[in-house]
Amino acid sequence: MVLNEYLKKLNELINTVGETQHENIVKVAKIFAEKIKQDKIIHVFGTGHSHMIGIEMFVRAGGLANINAMLDDSITTAAGARRGSLTERLSGLAEIIWNQYDIDKDDVMIIISNSGRNSVPVEMAMKAKEEGLTLIAITSLDHSKNCESRHSSGKRLFELADIVIDNCVPGGDSLLDFNGVKSGPGSTIAGAAIVDSILVETLELLSEEGQPLPVFGSQNQDGYNNDDLYEKYSSRIKHM
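Residue numbers for the sequence shown, in the numbering used here: 14 to 253.
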């Protein structure tokens, strides 16, 4: 049954991520922990389906409150799938989006792009480096190393980041083959596993030091609210 094969491949993918990316996930968690202690913001950006990894991190039960998901309809499917796939290739758009957010040079930025080849994520990475932020990339190295950049610099996302986490997904983001038709996507599940692994490792590090944990609780639990965290971060996080 193909369902079982797909689930097996997803499990293998997550295990591969855990085995090969452990060191870099821990490195990022240490950065997160330090930035939380310094009261800094973690910005996360992705175009197309990659923006869903930002949403996974943003204002969720059990998630960090200092996450700023950079959600712009111009580079997602919200304003039209074909439109979004074209706009993510537009040079100059990244800086326009950047300017809509409160970003400090001592903050952190995570950029997610499976291919890492389009102009908007590449220019967002360039802007982050220009402004002095620590830059983390989540990408498919198998895909990105085997395609050409669509940016005039010739750079791909992984070539710009301080730390690269490989989502270990094969080129084309497909784990299955149906008579030559590729399907069985893996990047969203791998990406979510990566950022949630960073989350729990960060919380472990902070807990060991006795630090306060800026974590949202589920608002669907009676008598629970996150008002103190909203009050602390809403002035710096646009979509909160």
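Built from N, CA and C at the ideal position, the CB exists for glycine as well.
Distance CB(residue i)-CB(residue j) smaller than 9 angstroms
i: L188; j: G199; result: yes
i: I55; j: M70; result: yes
i: L106; j: V133; result: yes
i: R102; j: N127; result: no
i: A150; j: I178; result: yes
i: I110; j: L148; result: no
i: A78; j: Q224; result: no
Span of the beta strand (DSSP E), counted from its first residue to its last, around residue i
i: D179; result: I176 to D179
i: V133; result: Here V133 belongs to no beta strand (DSSP E); instead the alpha helix (DSSP H) covers S132 to E143.
i: K118; result: Note, K118: premise wrong, no beta strand (DSSP E); not H, not E.
i: S210; result: Per DSSP, S210 belongs to no beta strand (DSSP E); it is in the alpha helix (DSSP H), S200 to E221.
i: D190; result: L189 to F191
i: G59; result: I55 to G59
i: K158; result: Taken as a continuous stretch (DSSP letters only), K158 belongs to no beta strand (DSSP E), as it is neither H nor E.
i: S1; result: Any question about residue 1 goes unanswered here, given that the chain covers just 14 to 253.
i: K251; result: No beta strand (DSSP E) contains K251, which DSSP labels as neither H nor E.
i: V194; result: V194 to S196
i: N81; result: I80 to A82
i: I151; result: T147 to T152
7 angstroms Cβ shell around residue i - same chain, five flanking residues per side excluded
i: A268; result: With the chain running from 14 to 253 in the structure shown, residue 268 is simply not present.
i: V72; result: F229 and M253
i: S247; result: M253
i: P183; result: D155
Start-to-end residues for the alpha helix (DSSP H) that takes in residue i
i: K48; result: V15 to K50
i: L99; result: A94 to T100
i: L242; result: D240 to Y246
i: L106; result: L106 to W111
Anticipated Cβ contact below 8 angstroms, residue i with residue j, distance rounded
i: V30; j: A206; result: 6 angstroms
i: K53; j: D117; result: 7 angstroms
i: E108; j: E136; result: 7 angstroms
i: G67; j: G59; result: 5 angstroms
i: K22; j: G197; result: 7 angstroms
Chain-order list of residues whose beta-carbon lies under 6 angstroms from that of residue i (same chain, five-residue window excluded)
i: K48; result: V121
i: T89; result: H64 and G97
i: T152; result: S126, G129, L170 and F171
Contacts around residue i, its chain only, beta-carbon distance under 8 angstroms, and the 5 residues preceding and following it disregarded
i: L226; result: L216, L219 and S220
i: Q232; result: A74, N238 and N239
i: R249; result: I54, N81 and D115
i: Q267; result: The first residue shown for the chain is 14 and the last is 253, placing residue 267 beyond what the model contains.
Given 8 angstroms, three or more beta-carbon pairs between the stretch 76–95 and the stretch 165–172: Flag = no, the stretch 76–95 and the stretch 165–172 do not touch.
Three CB pairs or more closer than 8 angstroms across the stretch 145–160 and the stretch 86–95: By the Cβ test, the stretch 145–160 is not in contact with the stretch 86–95, since fewer than three Cβ pairs between them sit closer than 8 angstroms.
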